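Here the structure comes first, spelled out in structure tokens, and everything after it is commentary.
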Amino acid sequence: MPRKTSAPADGKAVDRVTEILDAAAAAFDSQGYDATSIDHIGDTLGITKGSIYHHYRSKADLFVAVYQRVMEINFNAIAPIAADPGLRPIQRIQRMARTHALQVLRHLSYQRVAVQGLEAQLIGRVNEEQREKLQGIILVRNRYEAMFLQVLQEAMDAGDIPQQNIRLSIKPFFGAINAATLWYRPRADETEADREHIAAQLAAFVVSGLALSVPALAAPPAP
């Protein structure tokens, strides 16, 4: 959890926090939670670990803050699209899918940390204060998924996608996009236009899957 600091007018404290979170996300991504140390993050930035402890009291607090930032990045990018009254539901879900994919590509280390999952990394390792913070972030994560579910329901009600169990559909929907954290490797000469093209392809794939009117296979008869 960040310590409360009075940020100077020039925003240097905010910039330092962002630098710390960026370095922590990269370290958690490349080394995993257990192998990452505050010393390593400090060495990467050329600062003492005391400078990091000025903002975060423990590695667990830092991991929570990284997760919180990625959820804020995703939420702030998606919420305006989900609420746009000028778009049909199917248009909103298409843009939401593309934007989510683009956030994955733009903030790869952060997104990989998010895919690792809070529970898997920190179960049994947090104090009560940190646990409350985790619960708050999990609520934000659930609200994020709920935005997609709401628009999917509206698209289904409008007849833009066939009737289906959207709570089941949303899992492979996110799974296909988030799998980019496993296979995507940005090229040295890659441009923002390149990333947007990849994101558009991913969005087209997952939305076309929602739109396919294929009945579920019946369970095989019992032997």
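All residue numbers for the sequence shown refer to our numbering, where the first residue is 13 and numbers rise by one. Backbone N, C-alpha and C fix where the C-beta goes; we use that ideal spot for every residue, glycine too. These numbers come from a predicted model, not from an experiment.
Limits of the alpha helix (DSSP H) - the one that residue i falls within
i	result
arginine 197	From DSSP, arginine 197 is part of no alpha helix (DSSP H); its letter is neither H nor E.
arginine 110	101-118
glutamine 213	204-223
serine 49	That residue, serine 49, is in no alpha helix (DSSP H); it is neither H nor E in DSSP.
glycine 187	178-190
Supposed contact pair residue j and residue i - C-beta distance, whole angstroms, cut 8 Å
i	j	result
alanine 192	leucine 117	6 Å
alanine 5	valine 218	What the structure shows of the chain is the stretch from 13 to 235, and residue 5 is not part of that stretch, so it cannot be assessed.
isoleucine 53	isoleucine 32	7 Å
arginine 124	aspartate 41	5 Å
Top-ranked residue by Cα proximity to residue i, from the options
i	options	result
isoleucine 149	Ile173, Gln123, Tyr79	Tyr79
arginine 107	Gly98, Leu120, Gln115, Ile93	Ile93
alanine 211	Leu164, Glu202, Arg110, Tyr196	Arg110
tyrosine 196	Tyr45, Leu114, Gln103, Glu31	Leu114
proline 174	Ala205, Ile189, Leu194, Ile102	Ile102
glutamate 144	Val219, Ala77, Phe185	Ala77
serine 181	Asp96, Ser220, Gly98, Ser70	Ser220
tyrosine 156	His66, Ala95, Asp27, Gly62	Ala95
arginine 9	Lys61, Gly44, Pro198, Gln43	Outside the shown range of the chain (13 to 235) lies residue 9, about which nothing can therefore be said.
asparagine 88	His112, Asp172, Gln147, Glu141	His112
lysine 183	Glu140, Glu202, Asn154	Asn154
leucine 146	Phe75, His67, Tyr68, Thr30	Phe75
threonine 30	Thr48, Tyr68, Leu224, Gln43	Tyr68
CB contact flag (residue i, residue j, <8 Å)
i	j	result
histidine 119	valine 152	no
methionine 159	alanine 91	yes
leucine 222	phenylalanine 185	yes
tyrosine 122	alanine 200	no
arginine 104	valine 163	yes
isoleucine 64	isoleucine 50	yes
arginine 179	leucine 194	no
threonine 56	alanine 72	no
valine 127	asparagine 190	yes
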